[in-house]
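Counting from 427, one number per residue, gives the positions in the sequence shown under this note's numbering.
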Amino acid sequence: MTTKDQFRLRPDEVPAADPTLGHYIEGYTDAREKFNYKNLWWILLPFFGWVMVLFFILGYWLKHIRYWRVAVFENGFLKQTVTRSGRIAEEQIFRFNEIRGISNRVTRRYQSTYGITRYTGTDVSLHVLDNNGNETNFLSGSYRNEHDHPEKYNMEGYAVNAIVKAWYPVSIDNFNREMDEKGYGTFVSGGNEIQVGKGFLRAGQNHVSGHFRYGVDSGFLTIQPENEDGAHFSGKLKAFSININEMYNSQAFCTAAAQLLGIK
């Protein structure tokens with residue numbers, strides 16, 4: 427059994443969802459997550475180490491009382507909290523036609539000791555922005571998979587990737603629809619609206635529509651306008667940055683920015 431098979435929903439575990447969600451694509455659960463015995467090294471530390479070990483054991487025990495399962499469908503996705511008796515204690519459902527954006531936030535953690543830097547884990551979370559502007563942290567967790575090997579995620583990693591994959595073509599369709607209606611598409615990052623159109627980009631009071639330089643570092647896109655001859659907007663030229671890592675529909679933004687602005 428591969429790691430992915432360990433977390434994948436079995437046929438008898440697939441939720442009987444609302445028919446409006448369409449056909450089932452894939453889903454994952456943490457019901458069969460194994461205890462990480464590497465955490466027992468904390469016992470070597472007095473008191474604090476024992477507290478950490480008890481914390482890990484408690485977390486593992488709680489997952490075997492209640493566990494999550496996430497299922498992705500043609501028209502949306504859901505998360506259920508399920509008891510060991512099979513009762514659904516909690517349920518969240520999101521339909522694609524009720525969503526404005528999805529933000530997949532990934533942070534790799536590193537620790538430096540005596541000049542040696544080592545990878546310690548990856549934090550991941552998936553946030554949903556609905557059509558009314560409400561934000562929900564749908565799922566979050568952490569795993570050890572520095573180089574994104576397809577068989578080395580945990581339940582949270584597999585579930586987030588599945589949702590992002592299913593949502594991407596929907597977000598592209600939504601962007602193209604906006605382009606047809608308004609001449610530009612919109613994205614949201616840090617509570618601000620980003621507008622992207624043919625040859626221009628606007629982020630709040632900042633804009634670029636002529637020649638510009640750009641750079642991408644640590645999930646931020648920095649743009650320095652140069653020559654605004656024939657620009658769509660007027661105003662003082664200054665550099666500005668956009669947080670792509672926390673942007674809703676960041677994959678669609680990168681596709682649009684590449685095609686319309688030449689930002690790779």
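For every residue, glycine included, the Cβ atom is placed at its ideal position computed from N, Cα and C.
Contacts around residue i, its chain only, beta-carbon distance under 8 Å, and the 5 residues preceding and following it disregarded
i: Gly625; result: Ser635, His658, Leu686, Leu687
i: Asn602; result: Gly611
i: Glu604; result: Tyr610, Gly611, Thr612
i: Met581; result: Phe433, Tyr454, Thr455, Asp456, Glu459, Trp494, Val496, Gly567
i: Asn501; result: Thr446, Leu447, Gly448, Arg521, Phe522, Asn523
i: Tyr674; result: Arg526, Gly527, Ile528, Ser529, His553, Leu555, Phe613, Val614, Ser615
i: Asp438; result: none
i: Asp431; result: none
Residue i versus the options, residue with shortest Cα-Cα distance
i: His449; options: Val498, Leu435, Thr509; result: Val498
i: Arg639; options: Ser667, Glu619, Gly630, Thr612; result: Ser667
i: Ala682; options: Lys505, Asp599, Gln631, Glu517; result: Asp599
i: His573; options: Tyr594, Thr543, Arg534, Val586; result: Arg534
i: Glu415; options: Asn530, Val496, Glu561; result: Not covered by the structure: residue 415. The range shown for the chain is 427 to 690.
i: Asn563; options: Gly617, Val642, Ser529, Tyr545; result: Ser529
i: Val508; options: Glu619, Val440, Asn571; result: Val440
i: Ser551; options: Thr543, Asn558, Gly583, Pro576; result: Gly583
i: Asn571; options: Asn558, Arg544, Pro595, Asp431; result: Arg544
i: Asn618; options: Glu452, Tyr540, Gly559, Ser511; result: Gly559
i: Cys680; options: Tyr594, Ile451, Ala515, Asp606; result: Tyr594
i: Ile451; options: Gly512, Asn587, Arg513, Pro576; result: Asn587
Contact under 8 Å by Cβ, residue i with residue j
i: Phe503; j: Ile589; result: yes
i: Ser568; j: Asp549; result: yes
i: Tyr610; j: Gly623; result: yes
i: Arg521; j: Thr446; result: yes
i: Thr429; j: Lys578; result: yes
Contacts around residue i, its chain only, beta-carbon distance under 7 Å, and the 5 residues preceding and following it disregarded
i: Lys690; result: Ala684
i: Asn671; result: Arg531, Gly645
i: Thr697; result: The requested residue 697 is not part of the displayed model; the chain covers only 427 to 690.
i: Thr648; result: Tyr640, Gly641, Ala665, Ser667
Sequence-distant residues of the same chain with beta carbon closer than 6 Å to residue i, five excluded per side
i: Ala442; result: none
i: Ser676; result: Ile670
i: Ala678; result: Ser597, Ile598, Phe601
i: Ala457; result: Tyr493
i: Glu517; result: Gln506
i: Asn632; result: Phe666
i: Ile519; result: Leu504
i: Ser538; result: none
i: Tyr463; result: Any reading at Tyr463 needs caution, since the residue's pLDDT is 44, under 50, leaving its predicted position unreliable; the model's value is listed next. The answer is none, since no qualifying residue turns up.
i: Val642; result: none
i: Arg628; result: Gln621
i: Ala515; result: Thr507, Thr509
Supposed contact pair residue j and residue i - C-beta distance, whole angstroms, cut 8 Å
i: Leu565; j: Ala585; result: 6 Å
i: Tyr454; j: Arg436; result: Rounded, the Cβ-Cβ distance is 11 Å, inconsistent with contact.
Jot down the residue ranges of each uninterrupted alpha helix (DSSP H) in the segment 573–609, minimum 4 residues, whole runs only, in chain order.
-> 581–608
Scan the segment 515–579 and note each continuous alpha helix (DSSP H) run of 4 residues or more that stays entirely inside, going in chain order.
-> none
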